[in-house]
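Going down the list, the sequences are from chains A and B. Using the numbering used here, you'd call the opening residue of the first sequence number 4 and step up by one each time. Using the numbering used here, you'd call the opening residue of the second sequence number 50 and step up by one each time. Ideal placement from N, C-alpha and C gives every residue a C-beta, glycine not left out.
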Amino acid sequence: MPTATPSRGFAVRAWLRANTGPLIVVGLLALLPFAVALIDGQPLAEVLANQPGQAKFIQGLMIEVFILAIFALSYDLIFGITGLLSFGHAMFFAVGAYLSGIMIKSFGWSLAPTLGLLAVVAVVQALLFSVVLPRVQGVTFALVTLGIAEVFHIVIQSRELVGYTGADVGLQGVIPPAFLSPAAQRLRFYFVALGLAVLVYLLCRRFVDSPTGRVCIATRENENRALMLGYNTFYFKLTAMIISSLLASLAGFLHMLYQPIVSPGIASLSYTVNALLMVLVGGMGTLSGAPIGAAILRLLTFYFDKWFGQSSGFILGMVYVALVLFLPYGIVGTWKLRRFAWRSGWARLAQPLRPPSRDGERL
Amino acid sequence: MTVTRVTFPSKTMDNGIILETHKLRREFGALVAVADVSIAVRAQTLHSIIGPNGAGKTTFFNLLSGNITPTSGRVLFKGRDITHLPVHRTAHLGIGRSFQITNLFPNLTVLENVRLASQALGHDSFHFLRSHRSFTRYEARAREVIEMVGLTARALAPARTLPHGDQRKLELAMILAPDPEVLLLDEPTAGMAAEQVPELISLIQRVQAGGQKTVMLVEHNMNVVMRVSDMITVMHQGEVLAEGTPDEIAANEAVQNAYLGGGVWRPVANGGK
Chain A
4 MPTATPSRGF
14 AVRAWLRANT
24 GPLIVVGLLA
34 LLPFAVALID
44 GQPLAEVLAN
54 QPGQAKFIQG
64 LMIEVFILAI
74 FALSYDLIFG
84 ITGLLSFGHA
94 MFFAVGAYLS
104 GIMIKSFGWS
114 LAPTLGLLAV
124 VAVVQALLFS
134 VVLPRVQGVT
144 FALVTLGIAE
154 VFHIVIQSRE
164 LVGYTGADVG
174 LQGVIPPAFL
184 SPAAQRLRFY
194 FVALGLAVLV
204 YLLCRRFVDS
214 PTGRVCIATR
224 ENENRALMLG
234 YNTFYFKLTA
244 MIISSLLASL
254 AGFLHMLYQP
264 IVSPGIASLS
274 YTVNALLMVL
284 VGGMGTLSGA
294 PIGAAILRLL
304 TFYFDKWFGQ
314 SSGFILGMVY
324 VALVLFLPYG
334 IVGTWKLRRF
344 AWRSGWARLA
354 QPLRPPSRDG
364 ERL
Chain B
50 MTVTRVTFPS
60 KTMDNGIILE
70 THKLRREFGA
80 LVAVADVSIA
90 VRAQTLHSII
100 GPNGAGKTTF
110 FNLLSGNITP
120 TSGRVLFKGR
130 DITHLPVHRT
140 AHLGIGRSFQ
150 ITNLFPNLTV
160 LENVRLASQA
170 LGHDSFHFLR
180 SHRSFTRYEA
190 RAREVIEMVG
200 LTARALAPAR
210 TLPHGDQRKL
220 ELAMILAPDP
230 EVLLLDEPTA
240 GMAAEQVPEL
250 ISLIQRVQAG
260 GQKTVMLVEH
270 NMNVVMRVSD
280 MITVMHQGEV
290 LAEGTPDEIA
300 ANEAVQNAYL
310 GGGVWRPVAN
320 GGK
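Laid out in structure tokens, this is it:
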């Protein structure tokens, strides 16, 4: 081929140009704690010393967003990219939180071996979910994964395991390592969480761009055709599942470090639905949509609770309805496709008010 | 050329047979879609299967490619029993299959559709931390095939945005990309505008002759079949009604009664349009 290999400097510049948006976002997030302090009139030295204040509070909220972003990215890999609808994804997250917490608290393990064990268990979980893949598809697969995850949800709440899991109260009393204490070293934790979220995002992007990832997309688009071409799609779904499980466990691990109490609610169906919502709001299969969805979900939940109190759930629901109506492919998906549905969204909203036309024609 | 009748087991490949079936049968409940069909396909020939709708042609193709498993009987490829191989394995043996109904990756570009097809038989599909662009030979092969079928101008368009005729060409490109030895083409011209048919057929002929490939073709356009085939198998209600060269088939009374409506089929000069 006559094409010349581009020089390294050129490649770097091209990469920077192609990723201007995400780079600006990451830069702004790195400056956020200091910007908040400046607006709030708090000296920057206090932020660096992790003194209480608005800046520290915002850092805490954003750490939750970063953890959810990793969780949402891991779900986008199997749901948006590979096309597997799993209702048991919360289990990956909860295993990450509970297993690492128990190893640290009850068995006195340090971080490195805990993470090693977590990786092994994450792969085993992915295998457990994938055992049924050749047999069931679509909604049936979703229900089987829901079943497995619900068993786990019940087990961690059982009284027999109260010494390890804290049963229905939740896992508490895990002492995070001093260098990564969410209270005393909040700023450091903030940058670690941000860094990991960026790393996971880049990793997911790389995966989707790789030969394996391309076949995962092909599997989502038309699995039969992928089989006919000679791809044993099972192994590709399994690969996506393993990577997704590893990332979700990492998110769970960070959640355990950050939260003083790990509630059993993180293993429930509603936590999987959270991931699903984040991916749908951001735009399924877009990857960059997942962190955006995570930020919107967490921040709206927090601020709506603060502003509207009891009616916050209702208002949040209205926001979701509006998003589905006007941005049918999620925020990033609709932006990429330039398929905003301003007019048809209103039309669909008004439709139930109109009597159906005689031939039953719907929009 | 005389009618090939296989005595089973045959010494495959010695007599140039690349693909053969032995009493292949598939039932769907009470319906016998394919009834004990035994045929032999010579290597590097163009072998057509014709027959009225519901004759079992597509089911027969599905049995050959491993999409469905037969009720009984065997499929041999180069003397090897492939009857129960799953569909993704037959592709690796060098059997490419196209579909009557357009079967693409609709939201991916033409280039990506064909690139995936060419990547399928390589051994690089389990690199998940390197960009697919660094495996240049698949993309190069994809571009080559896209050029061959004449879709270069549309290479970056999503497959779903192509007009039907171009989708059929893309379908063919996806079969050609991994360079299979045997091509099973199920009505490659289905739904195509009449003026586009000769172009596609001559492409198939070029590929078959130039690449020394074996092509099995299901086709409804009789002029095309009669002109391009080396051998024709006529199926009727799941059974083989007749087999032979185009001339023999044209002269066969049973075929004329069952399929060609009793009238004598006459070749049209220049093979139709």
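Here the alpha carbons of B:Ala300 and A:Phe237 stand approximately 50 Å from one another.
Two segments are said to touch when three or more pairs of C-beta atoms, one from each, lie closer than 8 Å; by this definition the segment 208 to 225 of chain A does not touch the segment 48 to 58 of chain A. Per the DSSP secondary-structure output, B:Glu292 pairs in a beta bridge with B:Thr282. Annotation for A:Tyr234: Val218 place their beta carbon closer than 6 Å to its own, counting only its chain and skipping 5 residues before and after. Around B:Ile298, the same chain offers Ile281, Val283, Ala291, Val304 as residues with beta carbons nearer than 7 Å, after the five sequence neighbours per side are excluded. B:Arg75: member of the beta strand (DSSP E) spanning 66 to 77, first to last residue. Among the residues of chain A, those whose CB is under 7 Å from the CB of B:Phe177 are Phe210, Ser213, Thr215, Gly216, Thr242, following chain order. Counting only residues of its own chain and dropping the five nearest sequence neighbours on each side, A:Pro185 has a CB closer than 7 Å to the CB of Pro179, Phe192, Leu260, Tyr261. With 16 or more other CB atoms across the displayed protein chains lying within 10 angstroms of its CB, A:Ala125 is buried. Rounded to whole angstroms, A:Asp308 and A:Ser315 show a C-alpha spacing of 5 Å.
Closest in C-alpha terms to B:Val83, from the list B:Gly259, B:Asn102, B:Leu68, B:Pro119, comes B:Pro119. The residue from B:Gly128, B:Leu113, B:Lys127 with its alpha-carbon nearest to that of B:Ser121 is B:Leu113.
A direct Cα-Cα distance of roughly 16 Å separates A:Lys108 from A:Ala97. When Cβ pairs closer than 8 Å are counted between the two stretches, the segment 227 to 236 of chain B is seen to touch the segment 140 to 151 of chain B, the count reaching three or more.
At a cut-off of 9 Å between beta-carbon atoms, B:Arg138 makes contact with chain A. Just so you know, the alpha carbons of A:Leu120 and A:Val203 end up roughly 19 Å apart.
Pairing A:Ile246 with A:Phe74, the inter-Cα distance amounts to about 12 Å. Across the segment 21 to 51 of chain A, no CB contact with chain B closer than 8 Å is found for any residue.
A straight-line Cα-Cα distance of about 57 Å links A:Ser103 and B:Met197. Secondary-structure assignment with DSSP links A:Ile264 through a beta bridge to A:Gln175. Between the beta-carbon of A:Met281 and that of A:Gly336 there is about 13 Å, and that puts the pair past the 8 Å contact cut. Taking A:Tyr274 as the centre and dropping the five residues before and after it, the same chain places the C-beta of Ala93, Phe96, Gly268 closer than 7 Å to its C-beta, in chain order.
Near chain B, meaning a CB-to-CB distance below 8 Å, the residues of the segment 222 to 237 of chain A are Glu224, Asn225, Asn227, Arg228, Ala229, Leu230, Met231, Leu232, Gly233, Tyr234, Asn235, Thr236.
Under the Cβ distance rule, A:Phe82 does not count among the residues neighbouring chain B, no pair being separated by less than 9 Å. In the structure shown, B:Leu205 adopts coil according to DSSP, grouped into three states. Note on the segment 152 to 180 of chain B: whole alpha helix (DSSP H) runs with a minimum of 4 residues are 159 to 168, in chain order. Counting along the chain, A:Ile105 sits inside no beta strand (DSSP E); it lies in the alpha helix (DSSP H) bounded by residues 92 to 109. Within the DSSP secondary-structure output, B:Phe126 pairs in a beta bridge with B:Leu68, B:Arg129.
Excluding its 5 nearest sequence neighbours in each direction, B:Val194 has C-beta neighbours in its own chain below 6 Å: Val163, Ala222, Leu225, Ala226, listed in chain order. Nearest Cα to A:Ala181 within the set A:Pro331, A:Ser113, A:Trp349, A:Ile42: A:Ser113. Sixteen is the threshold: when 16 or more other Cβ atoms of the shown chains lie within 10 Å of the Cβ of B:Met241, as they do, the residue is buried.
Residue range 23 to 43 is occupied by the alpha helix (DSSP H) that includes A:Asp43, with no beta strand (DSSP E) assigned at that position.
Taking the Cα of B:Leu178 as reference, the smallest distance to any Cα among A:Ala145, A:Phe305, A:Leu205, A:Gly198 is reached at A:Leu205.
Beta-bridge partners of B:Ala89 (DSSP): B:Glu69.
For B:His96, the uninterrupted beta strand (DSSP E) run begins and ends at 95 to 99, by DSSP. Boundaries of the beta strand (DSSP E) harbouring B:Val264: 263 to 267, taken from the DSSP string.
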